[in-house]
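Residue numbers (the working numbering): 15 to 126.
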């Protein structure tokens with residue numbers, strides 16, 4: 015059975031879907047919730063670990079799984095810079111730019 019994170023039956027909330035840890039995750043179109051962001055980050059980390067993707071290449075892989083056109087447009091504004099970011103830096107920027115909940119979102123620490 016496929017892994018599904020933050021799956022809500024809503025046309026306005028973003029969801030994260032991933033068939034397995036060996037397949038890339040996708041953030042489907044919609045507004046991300048804090049839980050969606052945590053699920054997205056974890057799914058990307060599991061995928062990168064499963065595929066032995068170097069830490070400096072994880073964000074480049076993450077960006078391909080974001081399907082919401084608003085986020086795609088935002089990424090294309092500075093794609094080269096974002097692709098060069100580490101995951102923690104990108105997720106911090108993503109949270110600051112796209113989450114307007116007033117909550118503090120913690121970025122997962124890098125595995126050592």
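Even for Gly, the Cβ is constructed at its ideal location relative to N, Cα and C.
Helix, strand or coil for residue i, going by three-state DSSP, please let me know.
i: residue 83; result: helix
i: residue 99; result: coil
i: residue 91; result: helix
i: residue 78; result: coil
i: residue 27; result: strand
With a Cβ-Cβ cutoff of 8 Å, do residue i and residue j count as a contact?
i: residue 65; j: residue 97; result: no
i: residue 112; j: residue 46; result: yes
i: residue 108; j: residue 58; result: no
Please identify the residue among the options whose C-alpha is closest to the C-alpha of residue i.
i: residue 103; options: 33, 71, 82, 81; result: 71
i: residue 60; options: 76, 93, 80; result: 76
i: residue 48; options: 90, 83, 29, 88; result: 29
Just to confirm the assignment, what range does the alpha helix (DSSP H) spanning residue i have?
i: residue 128; result: There is no way to answer for residue 128, as the model of the chain reaches only from 15 to 126.
Between residue i and residue j, what straight-line distance do the alpha-carbon atoms span, to the nearest angstrom?
i: residue 101; j: residue 27; result: 23 Å
i: residue 36; j: residue 63; result: 9 Å
i: residue 56; j: residue 79; result: 13 Å
i: residue 33; j: residue 88; result: 26 Å
i: residue 40; j: residue 83; result: 13 Å
Can you name the start and end residues of the beta strand (DSSP E) that residue i belongs to?
i: residue 30; result: 30 to 32
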